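Read through the structure below, which is laid out as structure tokens, and then see the notes.
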Amino acid sequence: MDLLNETINSTVTPLNPEENSWQIPVNIALCLTVIIGLLGNISVCLVILKNKTLHTSTNYYLFSLAIADLLIIIFSLIPWTMKTLLRRDVLKVYICVGKKVASKMGYFAALLTILAFTIERYLAVCHPFLVYNVSKLSRTVKIIIIFWVIAFGLALPKAFYTPCFGHIDEPVIDAYKIHLELLTFITYIVSMAIIIVLYLLIGLRLRNSAKMSSTNTIDQNKVIKILELKN
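Read in the working numbering, the sequence shown has 128 at position 126, and its numbers run on one by one without any break.
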């Protein structure tokens, strides 16, 4: 409790004129981002929850993505904004672990949700009969829950590599760097590669469908002209 009082009651480091010239627009942008992010994502969650007609697989993924964004805003962007405004960490010991784990979990959950949504779009466009047979809300809910569990598991090591309660030995820091590089490669690079490939396949399928539709239209017009000439 003493640490909390010291943190809150401690004096704020003043900004010098050079820092003040660029810090003000940055602070305004951060505050606007936080406000818009909170209002927008909370609105999405409330609208989907209150309207049963919106209880679809796509909207469930949007709901999951909104929750992930809220975690990132609350546990990452807001503390960062407060640190920028007040020039110091606020409640650093009390929310340190929660901030690190929750923000990372939100990041991983958002990435996995986007990946799942992209796979759903790919199946809907390229394999519509398959997605019709397997597309159920219960399956979507299970996928989202599994992805959130995976996101929590990926984010949990962050608590052990964060110096919230004291000094961390150098070997632990080195292990964390390796862990972070592996996570970045596996979750970001691989996921983004899959997303890009799937959207390319979707684009190719739509282009081929457009060509086939145009060809069918031309053939139909030829048949109509032949029939008109015979008559």
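The beta-carbon is built from N, C-alpha and C at its ideal position, and this holds for glycine as well. Here the structure is a predicted model, which is why all the values come from computation and not from measurement.
Practice prompt. Look at the alpha carbon of I196 and the alpha carbon of Y124, and state the distance between them as a whole number of angstroms.
Written response: In a straight line, the C-alpha of I196 is about 11 Å away from that of Y124.
query = Roughly how many angstroms separate the alpha carbons of V199 and F187, rounded to a whole number?
reply = Here the C-alpha atom of V199 lies approximately 17 Å from the C-alpha atom of F187.
Going by beta-carbon coordinates alone, are V36 and A68 separated by less than 8 Å?
no
**OP:** Classify M3 as buried or exposed, calling it buried when 16 or more other Cβ atoms lie within 10 Å of its own Cβ.
**Re:** In this prediction, M3 scores a pLDDT of 40, lower than 50, which makes its location untrustworthy; no coordinate-derived value is stated.
Rounded C-beta distance between S105 and S78? I'm assuming under 8 Å. 4 Å
- Query: Whose C-alpha, out of L185, G155 and V127, is nearest the C-alpha of L206?
  - Reply: V127
- Closest by CA to I116, which one among Y190, D176, I26 and F154? Y190
What's the gap between the Cα of P159 and the Cα of V28? 31 Å
Quiz item: How is the alpha helix (DSSP H) around T60 delimited, first residue to last?
Solution: DSSP places T60 inside the alpha helix (DSSP H), whose first and last residues are S59 to I74.
Simplified DSSP state of H181, which is helix, strand or coil
helix
- Task: Over the uninterrupted alpha helix (DSSP H) stretch that includes I188, give me the two end residues.
- Result: No alpha helix (DSSP H) holds I188; DSSP gives it neither H nor E.
Start and end residues, alpha helix (DSSP H) containing T86: Annotation: the continuous alpha helix (DSSP H) that includes T86 extends over I80 to L88.
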